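Take the position in the sequence shown, starting the count at 1, then add 35; the result is the number in our numbering. Just so you know, even glycine gets a beta-carbon here, dropped at the ideal spot from N, CA and C. All values derive from a computational prediction rather than experimental measurement.
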Amino acid sequence: MTVPLRAPEPIVVSVPLGSRAYDITIGRGLLANLGQRIKELRPGTRVAIVSDETVARLHLNAAEAALKAAGIDSARIVVSTGEGSKNYATFENVCEAIIAARVERNDLIVALGGGVIGDLAGFAAASVRRGLDFVQVPTTLLAQVDSSVGGKTGINSRQGKNLIGAFHQPVLVVADTALLDTLPKRDFRAGYAEVAKYGLLGDAKFFAWLEKNWQDVFAGGPAREHAIAVCCRGKAGIVARDERETGERALLNLGHTFGHALEAGCGFSDRLLHGEAVALGIALAFEFSLHRGLIAASEAARAATHLAAVGLPTHLKDIPGGVPGADALMDLIAQDKKVKRGTLIFILVRGIGQAFVENNVDAADVRAFLDRKLR
Ligand SMILES: NC(=O)c1ccc[n+]([C@@H]2O[C@H](COP(=O)([O-])OP(=O)(O)OC[C@H]3O[C@@H](n4cnc5c(N)ncnc54)[C@H](O)[C@@H]3O)[C@@H](O)[C@H]2O)c1
Ligand SMILES: [Zn+2]
Numbered sequence: 036m037t038v039p040l041r042a043p044e045p046i047v048v049s050v051p052l053g054s055r056a057y058d059i060t061i062g063r064g065l066l067a068n069l070g071q072r073i074k075e076l077r078p079g080t081r082v083a084i085v086s087d088e089t090v091a092r093l094h095l096n097a098a099e100a101a102l103k104a105a106g107i108d109s110a111r112i113v114v115s116t117g118e119g120s121k122n123y124a125t126f127e128n129v130c131e132a133i134i135a136a137r138v139e140r141n142d143l144i145v146a147l148g149g150g151v152i153g154d155l156a157g158f159a160a161a162s163v164r165r166g167l168d169f170v171q172v173p174t175t176l177l178a179q180v181d182s183s184v185g186g187k188t189g190i191n192s193r194q195g196k197n198l199i200g201a202f203h204q205p206v207l208v209v210a211d212t213a214l215l216d217t218l219p220k221r222d223f224r225a226g227y228a229e230v231a232k233y234g235l236l237g238d239a240k241f242f243a244w245l246e247k248n249w250q251d252v253f254a255g256g257p258a259r260e261h262a263i264a265v266c267c268r269g270k271a272g273i274v275a276r277d278e279r280e281t282g283e284r285a286l287l288n289l290g291h292t293f294g295h296a297l298e299a300g301c302g303f304s305d306r307l308l309h310g311e312a313v314a315l316g317i318a319l320a321f322e323f324s325l326h327r328g329l330i331a332a333s334e335a336a337r338a339a340t341h342l343a344a345v346g347l348p349t350h351l352k353d354i355p356g357g358v359p360g361a362d363a364l365m366d367l368i369a370q371d372k373k374v375k376r377g378t379l380i381f382i383l384v385r386g387i388g389q390a391f392v393e394n395n396v397d398a399a400d401v402r403a404f405l406d407r408k409l410r
């Protein structure tokens, strides 16, 4: 895999899901053409844009102007910034605002924001009038490579994250990589954990490319577009083969069983962002695979070395304020949705780019491993 000198504008990745197939377009400055694209897709449509306060301040005017230039009227629905907006009260407000804006069956919802907005607006779109079509305009790296693709939408229950939701595919994803220029570095880096994840779970060549080119991905330009396109192609392929996660799609959870437990153990606070927890979770998944004799120590070291090189945490001691003990972590792992009838399900690796689903992991083995890591 070589570094493209100039990305063809835009890169288009198709998600082949039969009657629900859609395109992901990736490129710098694509927001300016949003109205034109929507007009081609759905002539005569009305639009409601859902965003959060931060993204609205930075990019909502440009989105509205792009729609207006194509003669499309839009209403704006702006919610508070942050994970807290994935709750019932905000979901209710968004649904009511969509109805009040007289958005009907032929119309579109546009989710302009990170994963929080994509999940919330997508679920509102799935629910109002038993399903409205929606367009994802992801504005974080995490959303461009992960949450905007694949159709998982939802909000959080008081009992756990993402427990209320629906599969609802967007009709179009427009990933404007220039929007990431305003993203705080820490959020960009956290999103990068998901980028590395695609290489580590199934694409060793891409991982080797990232080892050489990650600085250019951070800097913007064609390497960024290329990396996002590779991730979207990877996810699109997996989603097309297993839309409802009965098998292969679970591989996308590499690093997420340990990661979610750590995130929950930090109270889903700013102490540990989702992507940071995923980086740590990936490092632990590789070490746990080593502990089970599946890989060589050099492979686990290589994965962790790259994550650490970009500034992501890879050791439990990297978490500011410390982590809960092994008992608490085991309880959190057991509560995770990837647990079936008492045995733990883990995504483990046989090497870089060779993840697999292990359905039968003995809790005592995980506990022994964590005890050692926490020492
Ligand atoms: N549906 C899925 O398949 C899927 C997959 C992974 C994660 N998720 C969900 O995604 C959410 C996390 O997504 P996220 O990390 O994008 O969080 P987020 O949406 O909260 O965005 C992170 C922060 O960046 C700000 N922001 C967004 N775009 C910006 C921009 N261009 N410039 C400046 N600031 C910007 C936001 O206001 C927020 O403060 C979680 O709720 C998670 O459950 C869903
Ligand atoms: Zn994730």
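query	result
Beta-carbon proximity of V142 to T80, cut-off 9 Å	Here residue 142 turns out to be Asp, not Val, going by the sequence shown. It is a contact, given that the beta carbons lie within the stated cut-off.
Span of the beta strand (DSSP E), counted from its first residue to its last, around S192	187-192
Proximity test, G149 beta-carbon vs ligand 1 heavy atom, cut-off 8 Å	yes
Cβ-based burial, N248 [other Cβ within 10 Å; buried from 16]	buried
DSSP three-state assignment for I330, whether helix, strand or coil	coil
Option in N122, L319, G255 with minimal Cα separation from S192	N122
Beta-carbon contacts of H291 that lie in its chain and below 7 Å, excluding the five residues immediately before and after	V313, G316
Per-residue burial, R276 [other beta carbons within 10 Å of its own, 16 or more giving buried]	exposed
Residue environment, H295, which counts as buried when at least 16 other CB atoms sit within 10 Å	buried
Three CB pairs or more closer than 8 Å across the segment 89-96 and the segment 229-248	no
Check whether I368 and L379 have beta carbons under 9 Å apart	yes
Run of the beta strand (DSSP E) containing K196, from where it starts to where it stops	195-202
Nearest neighbour of E118, chosen from G186, A331, N197 [CA to CA]	N197
Coarse secondary structure for S109, derived from DSSP in three states	strand
Close beta carbons around F303, own chain, < 7 Å, minus the five adjacent residues each side	E118
For V48, the residue or residues it bridges with in DSSP	I59
Of the listed residues F223, E229, A264, nearest to V209 (C-alpha basis)	A264
Span of the beta strand (DSSP E) around N394	390-396
Proximity test, E260 beta-carbon vs ligand 1 heavy atom, cut-off 8 Å	no
Same chain, Cβ closer than 8 Å to V138, five either side skipped, listed in chain order	R81, V82, A83, A110, I144, V163, L167
CA-to-CA distance, L409 to D366, given in whole angstroms	16 Å
Reduced DSSP category for T281 - H, G, I as helix; E, B as strand; rest coil	coil
Assigned exposure category for R63 - 16 Cβ within 10 Å defines buried	buried
Cα-Cα separation between A271 and N96, rounded to whole angstroms	30 Å
Neighbourhood of R221 by C-beta distance below 8 Å, restricted to the same chain and skipping five residues each side	L308
C-beta contact flag for T175 and L207 at 9 Å	no
Residue ranges of each alpha helix (DSSP H) within the segment 121-186, 4 or longer	123-135, 150-162
For D211, the residue or residues it bridges with in DSSP	G62
Among A161, V392, D353, the one whose alpha carbon lies nearest that of Q204	A161
Range covered by the alpha helix (DSSP H) that runs through D87	It is not in any alpha helix (DSSP H) - D87 instead sits in the beta strand (DSSP E) that spans 82-87.
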